[in-house]
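What follows is a short report on a single structure.
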Ligand SMILES: Cc1cc2nc3c(=O)[nH]c(=O)nc-3n(C[C@H](O)[C@H](O)[C@H](O)COP(=O)(O)OP(=O)(O)OC[C@H]3O[C@@H](n4cnc5c(N)ncnc54)[C@H](O)[C@@H]3O)c2cc1C
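Numbering (the numbering used here), first residue to last: 1 to 369.
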């Protein structure tokens, strides 16, 4: 296939693996032009954001330089945000009004925040998505005194710990974690949940195992008030971007692009998707960075195949269990792997080693290390 255009929409964790593959193994074929569309030059690695809040990393750490990687990979980087996708006409419209045509496209643009949709509007509300906007707003504000974190998944839990240990805050912020009715760390083993609950008590973080909502300008769970609060963090998981559903691609019932085991759209064979923007049709797969990272090489192999007019063959089989390392902000972390759990300073050291190694491999490939 020559003279064809592959459009990578979004510079998420799977697409950095595609760029790395192009660098290591060469571009996918003579005459194929690859274009990367992202709104920002860098991908912020969300796993290091709680550590930054707790003073364990600098704000400039935990970034992947997408433009430098693209340059090394022979990929054209276009700065912009996809606002519409036409899979039949094979084009994407960007927020600047540009129209990018493609023969084959791959989506890895993550999910969007749903704080305002689920909780209501409030000037104190700060959504964790997009993560770069979250970082910039926190960095620009004075340290909060009282914080409510809504969301009992790993992201919300880590942010509650991180804000309780917020670098430069004196006194330490009072933190309340409202998990939602599904409780603390749904889907995690009982041993992990109990270790996290103990750490929350030890650090004086108030826990409400109920849905939070804004009612007449007040944060509530059931009949209890969570006020006063000067900052409300929404860590409520990803919602699908509107443009995915509006494109006519097959989507699941929450609007994420439905893909098969090759991460190929089940409705449009020339479109692929991975990471939080996608949903597997053949099996449930939680939205997490781990799966976006591991699906990346599979996506790269399959994009190579279709660009060579071959059927995609690589499949992403998630491991039965994923390793999660939950930073408790106080120099320790809690490890979760299936039913196993462990806690301590060594677990945090392991987390930092894994995170920094992931960032460093891309800095080396991009020539920025
Ligand atoms: C605080 C926190 C901590 C977390 N820690 C972990 C962890 O330790 N382990 C783990 O597995 N998961 C973790 N997660 C979840 C993880 O962040 C996400 O699941 C992961 O980032 C999803 O990766 P992705 O590749 O789908 O997209 P993202 O990482 O969201 O990247 C999307 C990219 O696409 C770009 N983009 C967005 N919209 C558009 C558009 N319209 N057009 C073009 N480009 C666009 C963005 O700028 C970005 O470059 C955490 C989440 C949070 C909030």
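A virtual CB, placed ideally from N, CA and C, is assigned to each residue, including glycine.
A quick note: this is a predicted structure, and the numbers were derived from the prediction, not measured.
- Item | residue 85, enclosing beta strand (DSSP E) - first and last residue | Position 85 of the chain shown, counted from the first residue, corresponds to residue 85. It spans 82-86 - the beta strand (DSSP E) in which residue 85 sits, taken as one unbroken run.
- Hey, is residue 186 close to ligand 1, as in C-beta under 6 Å from one of its heavy atoms? As a first step, residue 186 must be located in the chain shown, where it is residue number 186. Residue 186 Cβ: outside cutoff for every heavy atom of ligand 1.
- Task: Could you work out which residue in 348, 40, 169, 340 is closest to residue 331 when comparing CA atoms only?
- Result: As a position in the chain shown, residue 331 is number 331, starting the count at 1. Nearest option by C-alpha distance: 348.
- Item | Bridge partners - residue 344, DSSP secondary structure assignment | Indexing the chain shown from 1 puts residue 344 at position 344. Residue 344 pairs with 333.
- Item | Close-in-space but distant-in-sequence residues of the same chain around residue 259 (CB under 8 Å, 5 per side omitted) | Here residue 259 corresponds to residue number 259 of the chain shown, with the count starting at 1. Excluding sequence neighbours, residue 259 sits near 265, 266, 272, 273, 274, 278, 279, 280, 281.
- Helix, strand or coil: which one does DSSP assign to residue 127? The sequence position of residue 127 within the chain shown is 127, counting from 1. Residue 127: strand per DSSP, three-state reduction.
- Item | Span of the alpha helix (DSSP H), counted from its first residue to its last, around residue 159 | Here residue 159 refers to the residue found at position 159 when the chain shown is read from its first residue. From DSSP, the alpha helix (DSSP H) with residue 159 extends over 154-164.
- Message: For ligand 1, is there any heavy atom lying closer than 6 Å to the beta carbon of residue 39?
- Response: In the chain shown, the residue the question calls residue 39 occupies position 39. Yes, the Cβ of residue 39 comes within 6 Å of a heavy atom of ligand 1.
- Is residue 190 helix, strand or coil by DSSP? Within the chain shown, the letter at position 190 stands for residue 190. Residue state, collapsed to three classes: helix.
- C-alpha distance - residue 362 paired with residue 181, whole-angstrom precision: In the chain shown, counting from the first residue as 1, residue 362 sits at position 362. In the chain shown, counting from the first residue as 1, residue 181 sits at position 181. Taking the straight line from one Cα to the other gives about 39 Å.
- Query: So what does DSSP say about residue 215, is it helix, strand or coil?
  - Reply: Working through the chain shown from its first residue, we reach residue 215 at position 215. Residue state, collapsed to three classes: strand.
- Which of the three DSSP states, helix, strand or coil, is assigned to residue 316? Indexing the chain shown from 1 puts residue 316 at position 316. Three-state result, residue 316: coil.
- Query: Hey, how far is the Cα of residue 141 from the Cα of residue 96?
  - Reply: Translated into positions along the chain shown, residue 141 becomes position 141. Translated into positions along the chain shown, residue 96 becomes position 96. One C-alpha to the other measures close to 29 Å.
- Quick one: is the Cβ of residue 109 within less than 6 Å of any heavy atom of ligand 1? By one-based count along the chain shown, residue 109 stands at place 109. Checking the Cβ of residue 109 against ligand 1 gives yes.
- Can you give the Cα-Cα distance for residue 175 and residue 206, rounded to whole angstroms? Residue 175 sits at position 175 when you count from the first residue of the chain shown. Residue 206 sits at position 206 when you count from the first residue of the chain shown. Each residue's Cα considered, the two are about 6 Å apart.
- Query: Span of the alpha helix (DSSP H) holding residue 25?
  - Reply: Start at 1 with the first residue of the chain shown, and residue 25 comes out as number 25. That run of the alpha helix (DSSP H) goes 13-25.
- Item | Spatial neighbours of residue 173 in its chain, beta-carbon cut-off 7 Å, leaving aside the 5 residues before and after | What you label residue 173 is simply residue 173 of the chain shown in a count that begins at 1. Excluding residues within five positions, the ones whose Cβ falls inside 7 Å are 143, 144, 145, 146, 147, 163, 164, 166.
- Segments assigned beta strand (DSSP E), at least 3 residues, entirely inside the region 245-292: 257-259, 271-273, 278-280
- Is residue 124 near ligand 1, going by C-beta to nearest heavy atom under 6 Å? The residue labelled residue 124 in the question sits at position 124 within the chain shown. Not so, every heavy atom of ligand 1 lies at least 6 Å from the Cβ.
- Task: May I ask you to verify whether the region 27-45 touches the region 319-329, counting CB pairs closer than 8 Å and requiring at least 3?
- Result: no
- Query: Can you round the beta-carbon distance between residue 69 and residue 41 to whole angstroms, since I take them to be within the 8 Å contact cut?
  - Reply: Within the chain shown, residue 69 is the residue found at index 69, counting from 1. Within the chain shown, residue 41 is the residue found at index 41, counting from 1. Not confirmed; about 10 Å, so no contact.
- Query: Do you know offhand how far residue 316's Cα is from residue 119's?
  - Reply: Counted from its first residue, the chain shown places residue 316 at position 316. Counted from its first residue, the chain shown places residue 119 at position 119. If you take the alpha carbons of residue 316 and residue 119, they lie about 35 Å apart.
- Message: Shorter than 6 Å, the distance from the beta carbon of residue 12 to the closest heavy atom of ligand 1, or not?
- Response: Reading the chain shown from its first residue, position 12 is the one you call residue 12. Checking every heavy atom of ligand 1 against the Cβ of residue 12, one is found closer than 6 Å.
- Query: In this structure, what does DSSP give as the bridge partners for residue 232?
  - Reply: The residue labelled residue 232 in the question sits at position 232 within the chain shown. Its beta-bridge partners are 125, 148.
- Task: From the DSSP output, read off the bridge partner residues of residue 38.
- Result: Here the question's residue 38 lines up with position 38 in the chain shown. According to DSSP, residue 38 bridges with 79.
- Item | Inter-stretch contact at 8 Å, needing at least 3 Cβ pairs: the region 218-227 / the region 239-254 | no
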